[in-house]
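Here the structure is laid out as structure tokens; the discussion comes afterwards.
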Amino acid sequence: QKAEEHFNEMVQAGIKPSVSTYVLLVNAFARDANVEKASEYWARIREMNQRPPIQAFASMVQVHAKAGDVDKAEDFLMQMLQRYPAGKSQLNSRWFAMLMDAHARTGDFERCEALLETMQKHGIAPNRVTYNTAMKARVNAGDLAGAEHWFKAMENSGNLKPDVYSHYTLFFGLVK
């Protein structure tokens, strides 16, 4: 990747990489689902004896979720929650939604919904994406009543209304 090539040129020129530089590389490789390279630069952050920034944890969640190693992704999410309590950080539903979707694709609604519950325990409110993902998990498990539960929960949340994807997910469950 060109970013890594340029990084190597910087190092050869005597420029000492910062934690932020390594975080950018972890993020770049996470987008490409390159676990090996993301992990390599994660290790370099750890070698600097500094607390990895939340963005680095989030990228490690992303790379492992994309690579299908949901257990490892969840482990990084739990580490992130321990180090960055809600309200004092940039924690948001996006990191949970990534993992929820990995479980939803396989119909593992129990783990998907457990993440939704964990998210709420940490003070992060469900949004349309997380509700839709919970619906998707139930539909993929063949549980239409469970999908309808999450559809209604979204309607009753007070501030969210089902969107096209919500209706499509429920419709897909009905015709499946």
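Residues 1 to 176 in UniProt numbering are what the sequence shown lists, from first letter to last.
We put the beta carbon where it would ideally sit given N, CA and C, even for glycine.
- Comparing alpha-carbon positions, the option among Asp71, Phe76 and Val175 lying closest to tryptophan 42 turns out to be Phe76.
- Within the UniProt repeat "PPR" (18-52), no complete beta strand (DSSP E) segment of 3 residues or longer occurs.
- Here glutamine 1 has Ala28 as same chain residues with Cβ atoms under 7 angstroms from its own Cβ, once five neighbours each way along the sequence are excluded.
- The beta-carbon distance between alanine 102 and alanine 65, rounded to whole angstroms, is 5 angstroms. This is short enough to meet the 8 angstroms contact definition.
- As for any alpha helix (DSSP H) of minimum length 4 sitting wholly inside the region 78-155, the runs are 93-105, 109-121, 128-140 and 144-155, ordered along the chain.
- In terms of CA proximity to leucine 144, Tyr168 leads the group Tyr168, Val11 and Met78.
- The beta carbon of threonine 106 lies closer than 8 angstroms to those of Asn140 in the same chain, with the five residues before and after it left out.
- In the DSSP assignment, glutamine 55 falls within the alpha helix (DSSP H) that extends over 54-66.
- Around the beta carbon of glycine 173, 16 or more other beta carbons lie within 10 angstroms, which makes this residue buried.
- Rounded to whole angstroms, the gap between the alpha carbons of threonine 118 and leucine 160 is 20 angstroms.
- Following the DSSP letters along the chain, one finds serine 166 inside the alpha helix (DSSP H) bounded by residues 164-175.
- A distance below 8 angstroms between beta-carbons, with the five flanking residues on each side excluded, links serine 93 to the following residues of its chain, in chain order: Met119, Ile124, Ala125, Pro126, Asn127, Val129 and Thr130.
- From the listed residues Ile54, Asp69 and Gly68, the smallest Cα separation to glutamine 79 is found for Ile54.
- Within the model, the alpha-carbon separation for glutamate 110 versus lysine 176 is close to 21 angstroms.
- Counting every other CB atom within 10 Å of its CB across the protein chains shown gives methionine 48 a total below 16, marking it as exposed.
- By the neighbour-count criterion, in which a residue is buried when 16 or more other Cβ atoms sit within 10 angstroms of its Cβ, isoleucine 45 is buried.
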